[in-house]
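Residues are numbered in the numbering used here as their position in the sequence shown, beginning at 1, plus a constant of 1407.
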Amino acid sequence: MKKTLKHLYKLAANKQPIACVTAYDAAFAHWANEAGMDVILVGDSLGMVVQGHATTLPVTLEDMVYHTQLVQRGNQQAWCVADLPFMADKSLDSVLDGAAQLLKVGHADMVKLEGGQRILPFVKALAERGVPVCGHLGLLPQSVLKKGYQVQGTNPEQAAQLLADAKALVAAGIDLLVLECVPSDLARQITAALPIPVIGIGAGSAVSGQVLVSYDVLGLTPGHTPKFSENFLTGRDSIQAAFAAYVSAVKQGHFPTAAHEVG
1408 MKKTLKHLYK
1418 LAANKQPIAC
1428 VTAYDAAFAH
1438 WANEAGMDVI
1448 LVGDSLGMVV
1458 QGHATTLPVT
1468 LEDMVYHTQL
1478 VQRGNQQAWC
1488 VADLPFMADK
1498 SLDSVLDGAA
1508 QLLKVGHADM
1518 VKLEGGQRIL
1528 PFVKALAERG
1538 VPVCGHLGLL
1548 PQSVLKKGYQ
1558 VQGTNPEQAA
1568 QLLADAKALV
1578 AAGIDLLVLE
1588 CVPSDLARQI
1598 TAALPIPVIG
1608 IGAGSAVSGQ
1618 VLVSYDVLGL
1628 TPGHTPKFSE
1638 NFLTGRDSIQ
1648 AAFAAYVSAV
1658 KQGHFPTAAH
1668 EVG
């Protein structure tokens, strides 16, 4: 059965962790389904792990639509979130067009935008048109050239701003929130303050669910694996087994552990 926002909200309300992984093609989406994944994120991380770029910035809207199409051909059950790529939010018109392309052509279930106060008008416009929206706060990969890959919310001023941004995004109409690379105590505070599910990546265990890049889950990412991730293929003989182990670890509260915390 196809999972819906209502299903995700029910999981969060019942304190049952939501399991999410990135996918960029039909095969990975199929095996994520087989493992019982709740959410698939077609992330602009594809620019780094699939296309070989140093950042996510070169990814185009056409790339995102194409990969979302591939994923949705293999996805029969999970809720599918697709990223609006870098500079697709340069204007309200470009945001609306990008969201339309991802939903109408890519067949995504939801679009994800990075940022806080700046994107509030875009979130409001999308929500008014019935578009499910996922926010993204903390470390913002599309802002890496300015802010770098650093833990966010480590001082009282940053923490207060992230909490204020989260509340403002909810008021504007987001339905989910991704929190990336923030201290676990701050992630707990934000999650408790919001009426929507919060999906963490490098944000500790006191959130509504977890998301990891599939290539990290499978130990396929060249070079350094993020501290907040784990290679679930170690000791297992298939992608399906690795995804299933990841889902089980999230659902049972065994992942993440204190060793995965970044703050």
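Idealized CB from N, CA, C, for every residue including glycine.
Less than 8 Å separating the beta-carbons of residue 1639 and residue 1657? no
Using 7 Å as the cut-off, classify the Cβ of residue 1603 as near or not near the heavy atoms of the ligand NAD, replying yes or no. Of the ligands one can find in the structure shown there are none, so the ligand NAD has no counterpart to examine.
For residue 1615, does the count of other Cβ atoms within 10 angstroms reach 16, so buried, or fall short, so exposed? buried
Please report the distance separating the alpha-carbon of residue 1529 from that of residue 1644. 44 Å
Use the C-beta contact count for residue 1576: other C-beta atoms within 10 angstroms, 16 or more gives buried, fewer gives exposed. buried
Could you check if residue 1521 is buried or exposed, using at least 16 other CB atoms within 10 Å of its CB as the buried criterion? Residue 1521 is buried by the Cβ-count criterion.
Taking 8 Å as the cut-off, does the region 1412-1423 touch the region 1464-1474 (at least 3 CB pairs, one atom from each stretch)? Using a Cβ-Cβ distance cut-off of 8 Å, the region 1464-1474 and the region 1412-1423 are not in contact, since fewer than three pairs of beta carbons, one from each stretch, lie closer than that value.
Of the residues 1445, 1564, 1641 and 1571, the one placed nearest residue 1396, counting alpha carbons only: The chain is shown only over 1408 to 1670; residue 1396 falls outside these bounds and no answer can be derived.
According to the neighbour-count rule (16 or more other Cβ atoms, all chains shown, within 10 Å of its Cβ), is residue 1479 buried or exposed? Counting Cβ neighbours within 10 Å, residue 1479 comes out buried, since at least 16 surround it.
Given residue 1492 as reference, the closest of 1512, 1477 and 1462 once Cα atoms are compared: Nearest C-alpha to residue 1492 among 1512, 1477 and 1462: 1462.
Can you name the start and end residues of the beta strand (DSSP E) that residue 1583 belongs to? The continuous beta strand (DSSP E) containing residue 1583 extends over residues 1583-1587.
Whole-angstrom distance between residue 1448 and residue 1427, CA atom to CA atom: 7 Å
Looking at residue 1598 and residue 1579, is the spacing between their C-beta atoms short of 8 Å? no
Got a sec? Which residues, its chain only, sit under 8 Å from residue 1408 by beta carbon, not counting five neighbours each side? If we look at residue 1408 and ignore the five residues flanking it on each side, its Cβ neighbours are 1484.
Using DSSP with H/G/I as helix, E/B as strand and the rest coil, what is residue 1432? In the structure shown, residue 1432 sits in coil (DSSP, three-state: anything other than H, G, I, E or B).
Anyone know if the C-beta pair for residue 1496 and residue 1519 falls short of 8 Å? Annotated as distal: residue 1496 and residue 1519, with beta-carbon spacing of 8 Å or more.
Which residue marks the beginning of the alpha helix (DSSP H) containing residue 1592, and which one marks its end? 1591-1600
If we count the other Cβ atoms within 10 Å of its Cβ and call it buried at 16 or more, is residue 1512 buried or exposed? exposed
Whose C-alpha, out of 1446, 1595, 1606 and 1602, is nearest the C-alpha of residue 1515? 1446
Residue 1411 burial status per 10 Å Cβ neighbour count (16 or more: buried): exposed
Going by other Cβ atoms of all chains shown within 10 Å of its Cβ, with 16 needed for buried, is residue 1535 buried or exposed? exposed
Within 8 Å, do at least three Cβ pairs link the region 1501-1509 to the region 1548-1555? no
In the DSSP assignment, what are the bridge partners of residue 1542? 1520 and 1584
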